[in-house]
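Novice:
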Amino acid sequence: MKYFLVCFLLIISCKSGKDAGALNSVIGTASNQKSGAILYGNGEVYAIAGMQSWDTVFLNKKVKVKGHFKLMVDQDKVEIGNLGTFQAQSCPRYYLVSDATWELYDSD
Numbered sequence: 003m004k005y006f007l008v009c010f011l012l013i014i015s016c017k018s019g020k021d022a023g024a025l026n027s028v029i030g031t032a033s034n035q036k037s038g039a040i041l042y043g044n045g046e047v048y049a050i051a052g053m054q055s056w057d058t059v060f061l062n063k064k065v066k067v068k069g070h071f072k073l074m075v076d077q078d079k080v081e082i083g084n085l086g087t088f089q090a091q092s093c094p095r096y097y098l099v100s101d102a103t104w105e106l107y108d109s110d
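First residue of the sequence shown? That's 3 in the working numbering, and the numbers climb one at a time after it.
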């Protein structure tokens, strides 16, 4: 029983450690991919949960995204809202951004 408890606590601490460095905002370039709307910034890929594509106002521009960031590693499938589950294209590591809000970024 002790072994089970120790394993359980280790699993929980590892999972929370994975999300401990989660960001609350990021600035990057908005792009549309097969898997949906993404943002490239800080050398990372950010997938906007439930969003198929960026509006033309934001597409290929610098955008600031705020939300809940969850690191996804070695995912072979990507879920997009009510559209279903799709095979991941080429991102074994990315951040899934839920409850996202965004605005055009002005560096001034």
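Ideal Cβ placement from N, Cα and C applies to all residues, glycine included. Remember, it's a predicted structure, so these values are computed and weren't measured experimentally.
1. Do you know whose CA, among 64, 99, 67 and 66, lies nearest residue 123's CA?
2. For my contact list, residue 102 and residue 32 are in at a C-beta cut-off of 8 Å; report their separation, rounded to the angstrom.
3. Pick out whichever of 72, 70, 61 and 28 has its Cα sitting closest to the Cα of residue 45.
4. Which value, in whole angstroms, describes the spacing of the CA atoms of residue 97 and residue 26?
5. How far does the beta strand (DSSP E) with residue 35 in it reach, from first residue to last?
6. From residue 106 to residue 43, what does the alpha carbon distance come to, in whole angstroms?
7. Tell me whether residue 104 sits in a helix, a strand or coil according to DSSP, three-state version.
Specialist: To lay it out plainly:
1. No answer is possible for residue 123: it lies beyond the span of the chain, which begins at 3 and ends at 110.
2. As a working note, residue 102 is residue 100 in the sequence shown. As a working note, residue 32 is residue 30 in the sequence shown. In this structure, residue 102 and residue 32 do not form a Cβ contact; the two beta carbons are roughly 12 Å apart against a cut-off of 8 Å.
3. Mapped onto the sequence shown, residue 45 falls at position 43. For residue 45, the nearest C-alpha among the options comes from 28.
4. Within the sequence shown, the letter at position 95 stands for residue 97. Within the sequence shown, the letter at position 24 stands for residue 26. In this structure, the alpha-carbon of residue 97 lies about 11 Å from that of residue 26.
5. Within the sequence shown, numbered from 1, the residue matching residue 35 stands at position 33. Run containing residue 35: 27-35, per the beta strand (DSSP E) assignment.
6. Residue 106 sits at position 104 when you count from the first residue of the sequence shown. Residue 43 sits at position 41 when you count from the first residue of the sequence shown. If I take the Cα positions, the gap works out to 14 Å.
7. To locate residue 104, count along the sequence shown from 1; it is residue 102. Look at residue 104 here: in three-state DSSP terms it is strand.
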